[in-house]
Amino acid sequence: MDSAALAIVGLIRNAQGIRGEVVVEPLTDAPDAVFASGRRVFAGDSKGNPDRNEQQFTVESSRPFKGGLMVKFDSITDRNTAELLRGRYLLAPFAELDPPAEDEVYLHELLGMKVRLDTGEEIGEVTAYYELPQGLTLDVRTAKGSVFVPYRAEVVDRTDADARVIVVKNDLGIFD
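Here it is as structure tokens:
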């Protein structure tokens with residue numbers, strides 16, 4: 175499977191019980207669809223890169239559990255095997271996911287996007303993003319160094335995925 179064709183959809187937090195169930199932190203807007211019975215996901219490493227062995231799992235069942243999901247995969251039958259997956263990301267093929275809405279982008283698509291003010295002045299480029307308690311924050315590399323930009327409607331005027339540009343409102347003084 176081509177790693178560029180995979181999206182991170184969850185993080186295995188820990189094993190639960192003796193039958194091989196795992197607690198998954200969903201990292202998708204559609205966890206019920208992604209972790210529905212019969213859906214397939216691939217194991218990634220602890221950084222979200224695909225596993226070289228291309229471990230594929232088919233969801234046997236899932237249910238809400240302590241702010242996440244309790245997931246049973248058909249090929250994991252005991253706690254010892256489930257424990258080996260702790261801290262690893264789960265990936266799904268983009269082709270099997272619903273596309274983002276017209277005004278949305280996948281998080282990985284933000285990387286490398288140019289950042290401009292609504293006046294047209296180019297400011298920099300997105301080099302990283304962080305999911306903080308306050309919300310998504312972009313790390314924008316400018317000529318003067320890095321600037322953290324909240325990715326919120328009060329700050330971001332629009333994101334053009336086709337042009338790979340994020341337009342930021344100038345009146346906030348973030349880049350002064």
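For what it's worth, our numbering labels the leading residue of the sequence shown as 175, then goes sequentially.
All C-beta atoms in this analysis are idealised placements derived from N, C-alpha and C, irrespective of residue type, glycine included.
These numbers were taken from a predicted model, which means no experiment stands behind them.
- Note on the segment 237-322: whole beta strand (DSSP E) runs with a minimum of 3 residues are 242-247, 263-267, 288-291, 296-306 and 309-316, in chain order.
- Between the alpha carbons of Lys-288 and Arg-260 lies a gap of roughly 36 Å.
- For a cut-off of 8 Å, the C-beta gap from Tyr-303 to Leu-284 is around 6 Å, short enough to register as a contact.
- If you look at Pro-205, you'll find it in the alpha helix (DSSP H) that goes 205-208.
- The Cβ atoms of Arg-262 and Asp-219 lie closer than 8 Å to each other.
- Between the segment 320-340 and the segment 275-284, the count of C-beta pairs closer than 8 Å reaches three or more; the two stretches touch.
- With a beta-carbon spacing of about 13 Å, Gly-194 and Thr-232 fall beyond the 8 Å limit used to define contacts.
- Here Ile-182 really is in contact with Gly-222; their C-beta atoms are around 5 Å apart, less than 8 Å.
- Annotation: the continuous beta strand (DSSP E) that includes Arg-214 extends over 214-217.
- When C-alpha distances from Ala-337 are compared across Asn-344, Val-279 and Val-314, the shortest belongs to Val-279.
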